[in-house]
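Heads up: the sequence shown runs through residues -25 to -1, 1 to 323, numbered per mature numbering (1 follows the signal peptide of the UniProt record, and there is no 0).
Ideal Cβ positions, reconstructed from N, Cα and C, are used throughout, including at glycine.
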Amino acid sequence: MGILRKFALCVAITGSIFVSQSASARDLTIVSWGGNFQDAQREKFFKPFGAELGKPVLEQSWEGGLGVLQAKTRGGDPNWDIVQIEPIDLVPGCSDGLFEKVDWSKIGNTNDFIPQAVTECGVGAIIWSVGFAYDTKKMPDGPQNWADFWDVAKFPGKRGMRRGPMYTLEPALLADGVAKEDVYKVLSTPEGVARALKKLDELRPYIVWWDVSASQLQLLASGQVAMTVAYSGRIANINKSEGTSYKYIFNQSLYGMDYWVVLKGSKNKADAMKYLSFVSRPDIQAQYAEYSTQGIPNKKASELIPKEATTYMPSSPQNFDVSVPLDANFWADNIAPLTQRFNAWLTR
């Protein structure tokens, strides 16, 4: 979901299993992003599905990377069945034969989903948003767009930003006046990349870089930054659980979609496809969205969610319409060279 876990070929994997460890290693195994995010999935997806299936369901967490999935599928018998992946991994993973094809006739009416959710190898899981947030107790009339985020005279203080090109170069161009529909067209040129880095030069003395998404909240809570690039779900969850007064700005935020995929060669393919159908149901998605504040791809589910629960949902019209769609294909093609370029800028 929201974190860039990308193109690294190796990763440390931690497991979290909510059934007895004595269960068979080949019980259906679902892999997601861990933390509070996966806690919500456990309550609204994994446990209810296991009860309906009448079989044990295992879960693990990971940090992403196609190399991990290549290693899992290479022997033809992966010990994972269903994995939640980032959008930049969907097309190359499908082309590489890492995922089973989706039989949409068993999932639901494709017209019920937003178009991006319906793909050959993946089923839309959640819609996430990356924008910025600040503490309204310290800044009642805070920034409303990326130009404001860059305006340290009007809004003094440090800025938290993710150490990497994705979710960093796009805001720089938006702050520099590029229209949201032109961001990736501009970023596709050497001149556009140079323009984004030049804009980052302006803010560089005020930036506190973070690498782990949990740092967003730590930076705000400690007062190290006046505002930070953040994920809407994390801001919503901490406001709900701890009573903080952080405001998340959806205007010019980036949104993307994670996908459920079934690994090629899964011995639990039939049950895995049942899971995809289960979590795509409007009633199940509505319950999950209300519980987690994540955006959802089934349009009919939105009709079941109370209006007051949609404030932080990226898929709510008032948020969706002012956001910028992340171009996953652009990043799939350019993440390596732009990471190299960004790191060179960062260390100069």
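Per DSSP, cross-strand counterpart(s) of residue i
{"i": "Gly99", "result": "Tyr234"}
{"i": "Ser104", "result": "Tyr230"}
{"i": "Asp110", "result": "Tyr221"}
{"i": "Glu34", "result": "Ile5"}
{"i": "Pro300", "result": "Tyr230"}
{"i": "Met202", "result": "Tyr109, Arg134"}
{"i": "Gly270", "result": "Ile102"}
{"i": "Val93", "result": "Val98"}
{"i": "Phe253", "result": "Bridge partners of Phe253: none, in fact."}
{"i": "Phe88", "result": "Asn273"}
{"i": "Phe74", "result": "Leu238"}
Short Cβ contact (7 Å threshold) for residue i with residue j
{"i": "Ile57", "j": "Ala247", "result": "yes"}
{"i": "Val161", "j": "Val183", "result": "no"}
{"i": "Ser228", "j": "Ser104", "result": "yes"}
{"i": "Val127", "j": "Tyr181", "result": "yes"}
{"i": "Thr85", "j": "Gly135", "result": "no"}
{"i": "Leu149", "j": "Trp125", "result": "no"}
{"i": "Ile224", "j": "Gly152", "result": "no"}
{"i": "Lys275", "j": "Pro257", "result": "yes"}
{"i": "Gly83", "j": "Phe74", "result": "no"}
{"i": "Met141", "j": "Trp306", "result": "yes"}
{"i": "Tyr230", "j": "Ser298", "result": "yes"}
{"i": "Phe20", "j": "Val168", "result": "no"}
{"i": "Pro118", "j": "Phe130", "result": "yes"}
{"i": "Gly208", "j": "Thr268", "result": "yes"}
{"i": "Ala211", "j": "Tyr287", "result": "yes"}
{"i": "Asp110", "j": "Leu195", "result": "yes"}
{"i": "Ala108", "j": "Ala205", "result": "yes"}
{"i": "Gln59", "j": "Met232", "result": "no"}
{"i": "Ile63", "j": "Ala311", "result": "no"}
Nearest neighbour of residue i, chosen from the options [CA to CA]
{"i": "Ile89", "options": "Phe295, Ser228, Asn273, Leu178", "result": "Asn273"}
{"i": "Asp78", "options": "Val236, Asp308, Pro118, Tyr109", "result": "Val236"}
{"i": "Pro31", "options": "Asp157, Ala92, Asp233, Asn243", "result": "Asn243"}
{"i": "Asp186", "options": "Arg17, Leu144, Arg137, Trp320", "result": "Arg137"}
{"i": "Glu156", "options": "Pro300, Tyr287, Arg17, Tyr223", "result": "Pro300"}
{"i": "Glu61", "options": "Leu33, Ser7, Leu251", "result": "Ser7"}
{"i": "Asp176", "options": "Asp308, Lys19, Phe317", "result": "Phe317"}
{"i": "Leu65", "options": "Gly83, Gly39, Ile82", "result": "Gly39"}
{"i": "Ile191", "options": "Ala147, Lys133, Leu178, Thr164", "result": "In the sequence on display, residue 191 carries Gln and not Ile. Of Ala147, Lys133, Leu178, Thr164, the residue nearest in Cα terms is Lys133."}
{"i": "Gln35", "options": "Pro131, Gly218, Asn54, Gly231", "result": "Asn54"}
{"i": "Lys239", "options": "Gly42, Met232, Glu95, Gly72", "result": "Gly72"}
{"i": "Ile280", "options": "Gln293, Ala264, Asn294", "result": "Ala264"}
{"i": "Ser252", "options": "Gly50, Thr164, Glu27, Asn304", "result": "Glu27"}
{"i": "Arg17", "options": "Leu33, Thr322, Ser216", "result": "Leu33"}
{"i": "Gly218", "options": "Lys112, Pro23, Lys47, Gln45", "result": "Lys112"}
{"i": "Pro289", "options": "Asn304, Ile271, Asp302", "result": "Ile271"}
{"i": "Glu95", "options": "Tyr234, Phe12, Gly139, Gly42", "result": "Tyr234"}
{"i": "Ser216", "options": "Thr48, Ala15, Leu313, Thr4", "result": "Ala15"}
{"i": "Gly25", "options": "Leu3, Val43, Ala46", "result": "Leu3"}
{"i": "Ser241", "options": "Trp37, Gly198, Lys76, Gly29", "result": "Lys76"}
{"i": "Gly139", "options": "Ala171, Gln193, Tyr221", "result": "Ala171"}
{"i": "Gln293", "options": "Lys47, Asp308, Asn226", "result": "Asn226"}
{"i": "Phe12", "options": "Glu278, Ser277, Trp37, Arg1", "result": "Trp37"}
{"i": "Phe295", "options": "Tyr159, Ser277, Lys81", "result": "Ser277"}
{"i": "Lys81", "options": "Leu313, Met114, Tyr250", "result": "Tyr250"}
{"i": "Asp116", "options": "Val158, Lys222, Leu44, Ser163", "result": "Lys222"}
Cβ of residue i within 7 Å of any chain B Cβ
{"i": "Leu172", "result": "Here there is only one protein chain, and chain B is not present."}
Where the beta strand (DSSP E) containing residue i begins and where it ends
{"i": "Ile213", "result": "No beta strand (DSSP E) holds Ile213; the alpha helix (DSSP H) holding it covers 207 to 217."}
{"i": "Gly135", "result": "134 to 137"}
{"i": "Trp184", "result": "182 to 185"}
{"i": "Val58", "result": "57 to 60"}
First through last residue of the alpha helix (DSSP H) which encompasses residue i
{"i": "Phe124", "result": "121 to 125"}
{"i": "Pro292", "result": "292 to 295"}
{"i": "Ser197", "result": "190 to 197"}
{"i": "Thr164", "result": "Careful: Thr164 lies outside any alpha helix (DSSP H) and carries neither H nor E."}
{"i": "Phe12", "result": "10 to 16"}
{"i": "Leu149", "result": "144 to 150"}
{"i": "Val43", "result": "41 to 49"}
{"i": "Pro23", "result": "22 to 28"}
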